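Under my numbering, the first residue of the sequence shown carries the number 13, and numbering increases by one thereafter. For every residue, glycine included, the Cβ atom is placed at its ideal position computed from N, Cα and C. Given the structure is predicted, the values throughout are model-derived calculations rather than measurements. Scroll down for the structure; my scribbles are underneath it.
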Amino acid sequence: MTEKLKENEVWLLSFYRTSEISGALFFGKLCKSLRPGPIQHDMTKHFSDEAVHSWLWTDCIDRMGAKPLKLADAYQDQYLAVAGMPANMMEILALTHVFEKRVIRQYALHSRVPDLHTEIHSTLSKIMDDEKWHLSWVHDALAKMEPEYGKDYIEQTIKKFWDADQEVYKRTMKEHEERVRDLGILTPEPTSGI
Ligand SMILES: [Fe+2]
Ligand SMILES: [Fe+2]
């Protein structure tokens with residue numbers, strides 16, 4: 013252990029850990045029922061990545077001499093309450109596209125904190141490579157669905173979840189934002205979810 017984590021950092025890293033666990037469980041359950049094919053292949057890698065990320069945050073917190081906090085619902089649990097349960101695989105991927113963008117944005121902001129602990133910086137870097145691939149495979153899978161659903165309808169669906177993301181962020185992320193600001197991370201309003 014090099015430096016002690018601040019209370020807000022323990023909260024934020026625990027928040028990331030909880031969110032990664034929720035992601036792993038969500039995709040892991042889905043993977044059990046998918047037919048063999050490219051989506052089954054990529055989503056299985058995706059769920060195993062999110063499980064590894066939850067371990068990386070657990071280990072990062074531990075190596076810095078702290079203990080993960082037990083937090084309530086993860087951010088993405090709130091999406092379903094606002095936007096409703098996705099009705100098919102296209103909707104699941106549209107929601108995932110929006111959520112992965114939110115995650116990458118948040119991790120990128122955090123990695124720019126001045127004098128960030130090296131443990132946190134290296135954990136963020138490792139995870140962000142995977143998160144970029146998550147966005148990329150989901151983007152490609154949605155593009156392949158265009159003949160079936162139509163490009164416009166897919167974009168409308170992403171917009172629906174983008175609006176839900178904004179709503180959830182406003183409703184439930186006040187505490188998160190305050191803690192992030194305390195660490196010197198600015199959270200500008202994102203401009204587009206597509
Ligand atoms: Fe992740
Ligand atoms: Fe991800």
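Within the same chain, and ignoring the five residues on either side of Cys-72 in sequence, the residues whose Cβ sits closer than 8 Å to its Cβ are Leu-25, Glu-131, Ile-132, Thr-135. For the set Leu-37, Val-94, Ser-123, Ile-104, the Cα lying nearest the Cα of Ser-66 is the one of Leu-37. Here the stretch 136 to 146 lies against the stretch 109 to 123, with 3 or more beta-carbon pairs under 8 Å apart. The C-alpha of Met-140 lies about 16 Å from the C-alpha of Ile-33. Counting only unbroken stretches of 3 or more residues, no beta strand (DSSP E) element lies wholly within the stretch 52 to 122. With respect to the 8 Å criterion, Met-55 and Leu-46 are classified as neighbours on the basis of their beta carbons. Taking Gly-77 as reference, the option from Ile-104, His-146, Leu-17 with the minimal CA-CA separation is Leu-17. Under the Cβ criterion (8 Å, minimum of three pairs), the stretch 87 to 96 does not count as touching the stretch 148 to 167. Taking C-beta atoms as the reference points, Leu-81 and Val-22 count as a pair closer than 8 Å. According to the DSSP assignment, Pro-159 belongs to the alpha helix (DSSP H) that extends over 158 to 161. Put simply, of Phe-39, Ile-51, Gln-52, Lys-44 the residue whose alpha carbon is nearest the alpha carbon of Phe-59 is Phe-39.
Apart from the 5 residues on each side of it in sequence, Arg-114 sits with its Cβ closer than 7 Å to the Cβ of Asp-177 in its chain, given in chain order. Annotated three-state conformation of Lys-171 is helix, per DSSP. The DSSP-derived three-state label of Asp-127 is coil.
For Arg-47, the three-state secondary structure derived from DSSP is coil. Under the three-state reduction of DSSP, Leu-136 is assigned to helix. With respect to Glu-62, Glu-112 sits apart: the two C-beta atoms are not nearer than 8 Å. Counting only heavy atoms of ligand 1, the residues whose C-beta sits closer than 5 Å to one of them are, along the chain, Glu-32, Glu-62, His-65.
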